[in-house]
Every structure is written in C-alpha cells, then in structure tokens.
Amino acid sequence: MSARAVTEATFEAEVLNNEKTVLVDFWAEWCGPCRAVSPILDQIATEHSEKLDIVKVNVDENPQLAMKYQITSIPAMKVYQGGEVVKTVIGAKPKPALEADLAAYLA
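Okay, so the sequence shown: first residue is 1 according to the UniProt record's numbering, each after it adds one.
Here it is in structure tokens:
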C-alpha cells in the first residue's frame, strides 16, 4: 500500500476524521527532496498500514491546505491524531531517521 493523494475536498474525511493516526506529506512535483522521500514514505505506509495512514497533499494543487497548515518549506510531514497536528517533520530524511521520528506512532 502506497501513500494516496488527498485534496482540499477529501482532507477532512481522510485526515481530520480518520480514526487512525495519519501522516500527511505536503509536497510538490518540482521538489527534488520531495521526490526522494516519496518512496520511503510508501515503504513505511506498506510496512505499518495497521498503525499509520500516509497521504500526500500537492501544495501547488491545494494551496488552501498549505496556507492553513503554514507549510513554508517542503517536504513537510505532519502527523495528525484526532484531527490535530501532533508532530511536524521538515525535510527529506533517510528511512531510519524518519522511522525514528515516527517511532511513537509506529509502535
């Protein structure tokens, strides 16, 4: 299972009202680091699908969400629980570093 795309129209249902913990990857097509971290997030999504949903928001196509969640640099990953942001991770990182950042939500 890989990370799926979410839009302004589906964000509330897919993220804010999700019973599981959700990691939202705010990214853009032209962003090299975003493209580098994408397959890592797909791996984490597959390996931890029972604990964590991973979705992607293209900031160019969903500028309202980018503004609402104060996305000033990408890639930016925000972890949501119960509709609230509980953690923010900025920048591309190797898989072990991302898993360490997300350890509390993967256990």
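Just so it is clear, CB atoms sit at the ideal spot from N, CA and C, and this is done for glycine as well.
Remember, it's a predicted structure, so these values are computed and weren't measured experimentally.
Going by beta carbon distance, what residues of the same chain come within less than 8 Å of residue 103, once the five residues before and after it are set aside? Sequence index remark: in the sequence shown, residue 103 carries index 103 (1-based). Within its own chain, no residue has a Cβ closer than 8 Å to the Cβ of residue 103 once the five positions on either side in sequence are excluded.
Which residues in the same chain have their Cβ closer than 6 Å to the Cβ of residue 8, if we skip the five residues on either side of it in sequence? Position 8 of the sequence shown, counted from the first residue, corresponds to residue 8. Cβ within range, chain order: 62, 64, 65.
Measuring straight from C-alpha to C-alpha, what distance separates residue 75 and residue 49? In the sequence shown, counting from the first residue as 1, residue 75 sits at position 75. In the sequence shown, counting from the first residue as 1, residue 49 sits at position 49. The alpha-carbon atoms of residue 75 and residue 49 are separated by roughly 21 Å.
What does a CB cutoff of less than 7 Å around residue 105 pick up in its chain, not counting 5 residues either side in sequence? In the sequence shown, counting from the first residue as 1, residue 105 sits at position 105. Once the five neighbours on either side are set aside, the close Cβ partners of residue 105 are 21, 51, 52, 79.
Is the beta carbon of residue 58 closer than 8 Å to that of residue 27? Translated into the one-based positions of the sequence shown, residue 27 becomes position 27. Translated into the one-based positions of the sequence shown, residue 58 becomes position 58. Their beta carbons are under 8 Å apart, which means residue 27 touches residue 58 by this criterion.
Cα-Cα separation between residue 86 and residue 60, rounded to whole angstroms: Residue mapping note: residue 86 aligns to position 86 of the sequence shown, counting from 1. Residue mapping note: residue 60 aligns to position 60 of the sequence shown, counting from 1. Going from the Cα of residue 86 to the Cα of residue 60 covers about 24 Å.
I'd like to check one pair, residue 23 with residue 71: are the Cβ atoms closer than 8 Å? Here residue 71 refers to the residue found at position 71 when the sequence shown is read from its first residue. Here residue 23 refers to the residue found at position 23 when the sequence shown is read from its first residue. With respect to the 8 Å criterion, residue 71 and residue 23 are not classified as neighbours on the basis of their beta carbons.
Rounded separation between residue 2 and residue 13 - CA only: As a first step, residue 2 is located in the sequence shown; it is residue number 2 there, counting from the start. As a first step, residue 13 is located in the sequence shown; it is residue number 13 there, counting from the start. Across the structure, residue 2 and residue 13 are spaced so that their CA atoms are roughly 18 Å apart.
Please check the pair residue 68 and residue 25, which I expect to be a contact at CB under 8 Å, by giving their CB distance rounded to whole angstroms. Mapped onto the sequence shown, residue 68 falls at position 68. Mapped onto the sequence shown, residue 25 falls at position 25. Beta-carbon to beta-carbon, residue 68 and residue 25 are separated by about 16 Å, too far to satisfy the 8 Å threshold.
Are residue 100 and residue 33 closer than 8 Å when you measure CB to CB? In the sequence shown, residue 100 corresponds to position 100, counting from 1. In the sequence shown, residue 33 corresponds to position 33, counting from 1. Not closer than 8 Å, so no.
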